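Chemist:
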Amino acid sequence: MDGNGRWASKRFLPRIAGHKQGVDSLRRCVRAVGQRGVKVLTVFAFSSENWNRPAEEVSGLMELFAMAIGREIPQLKADGVRMFFVGERLGLSVKVIAGIEQAERDTASNSKLILNVCFNYGGRWDIVQAAAKLAAQGKAVTEQALSELMALSHVADPDLVVRTGGEQRISNFLLWQSAYSEFYFSDKLWPEFDEAELDRAIASFNQRERRFGKTSGQIAAQAAAGSTS
Ligand code: FPP
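Quick note on numbering that gives the first Met the number 0: the sequence shown kicks off at 0 and runs consecutively.
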């Protein structure tokens, strides 16, 4: 959800005003993806590296998260959204952890849309924590064993990764899980990411040929036979 700070700076507002708009944009996006039949939405809300921002912005963001989580739970619950918070909890405030736990508990019986909020998350952190668990269990390192211990093991790998804000890099998001994802880079700043841009991202995705290491010919033959394996 990149571009909140620039959205605010362009309007001579403090950066936190951009993050507040970012929450509104996320609310609209959750509704829009649900209406389009998407089953899993994973958003990057705070990275392991975001602690390096000015202390004032970090504390403002933490306040905003705690407040936004509390405020949004009833509607998310009513809309059938199940929330998961993915990332390192150590180092988060008691208030933020309480909000996270309440959101996960209150939406645990929902199943229309899974909303994963990556918070104090990094793709490298995830690989390392999974590898450390595997080592502690004394188990052989295999792709499957590692996958099962990753923080997003409750959902399939993402089909489409959208990055807003005009940058074309992955910035430590879903490093393991995006091995075969399609990417869509949007010039829209996150507060301006709307339904029209979401539809452009989905239309772009629908035009891609996903080969998963195979040839075009093999994919065409599979499609004709009605198989996806
Ligand atoms: C990156 O934009 C955005 C963030 C670090 C924060 C994103 C968080 C939200 C939208 C709130 C989510 C809330 C909940 C409850 C999950 P940036 O600040 O790097 O923008 P810039 O590149 O323009 O400076």
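Quick reminder that beta carbons are idealized off the backbone N, C-alpha and C, glycines included. Owing to the predicted nature of the structure, the values given are computational and were not obtained by experimental measurement.
Contact between the segment 83-91 and the segment 134-142: three or more CB pairs below 8 Å?
Modeler: In short, these stretches do not touch, since the Cβ pair count stays below three.
Chemist: Determine, using beta carbons only, whether residue 37 and residue 84 come nearer to each other than 8 Å.
Modeler: No, these two residues do not count as a Cβ contact at 8 Å.
Chemist: Straight-line CA distance for residue 31 to residue 220?
Modeler: Taking the straight line from one Cα to the other gives about 34 Å.
Chemist: Could you have a look at residue 46 and say whether DSSP puts it in helix, strand or coil?
Modeler: Correct three-state label for residue 46: strand.
Chemist: Which residue's Cα is closest to the Cα of residue 97: 77, 195 and 61?
Modeler: Of 77, 195 and 61, the residue nearest in Cα terms is 61.
Chemist: How far does the alpha helix (DSSP H) with residue 205 in it extend, from its first residue to its last?
Modeler: That run of the alpha helix (DSSP H) goes 194-206.
Chemist: Please classify residue 190: is it buried, with 16 or more other beta-carbons within 10 angstroms of its beta-carbon, or exposed?
Modeler: Buried is the call here.
Chemist: Let me confirm a value: residue 73 is counted as buried when at least 16 other C-beta atoms fall within 10 Å, else exposed. Which label applies?
Modeler: With fewer than 16 other Cβ atoms within 10 Å, it is exposed.
Chemist: Quick one, which of 109, 111 and 167 has its alpha-carbon nearest residue 181's?
Modeler: Minimum Cα distance to residue 181 is reached at 167.
Chemist: Tell me, which residues are paired with residue 162 by DSSP?
Modeler: Looking at the DSSP assignment, residue 162 forms a beta bridge with 184.
Chemist: If you check the beta carbons only, do residue 42 and residue 0 fall under 8 Å apart?
Modeler: Result yes, Cβ atoms of residue 42 and residue 0 sit closer than 8 Å.
Chemist: With a threshold of 8 Å on Cβ separation, who are the neighbours of residue 234 within its own chain once the five nearest residues in sequence on each side are excluded?
Modeler: Residue 234 lies beyond the residue range present for the chain, which begins at 0 and ends at 228; the question has no answer from this structure.
Chemist: Measuring CA to CA, which of 100, 75 and 172 is closest to residue 28?
Modeler: Cα-wise, what sits closest to residue 28 is 75.
Chemist: By alpha-carbon positions, which one of 44, 22 and 194 ends up nearest to residue 173?
Modeler: Considering only alpha carbons, the answer is 44.
Chemist: Counting C-beta neighbours from all protein chains within 10 Å, is the total for residue 127 16 or more, i.e. buried, or is it exposed?
Modeler: So residue 127 counts as exposed.
Chemist: Between which two residues does the beta strand (DSSP E) containing residue 115 stretch?
Modeler: Per DSSP, residue 115 belongs to the beta strand (DSSP E) from 112-120.
Chemist: Residue 39 and residue 113: beta carbons closer than 8 Å?
Modeler: Going by C-beta atoms, residue 39 is nearer than 8 Å to residue 113.
Chemist: Pick out whichever of 111, 158, 119 and 106 has its Cα sitting closest to the Cα of residue 204.
Modeler: Of 111, 158, 119 and 106, the residue nearest in Cα terms is 158.
Chemist: Going along the chain, which residues of its own chain have a beta-carbon closer than 7 Å to the beta-carbon of residue 95, five neighbours each way excluded?
Modeler: Result list for residue 95: 61, 64 and 65, in chain order.
Chemist: Could you give the distance in angstroms between the alpha-carbon of residue 111 and the alpha-carbon of residue 80?
Modeler: The alpha-carbon atoms of residue 111 and residue 80 are separated by roughly 6 Å.
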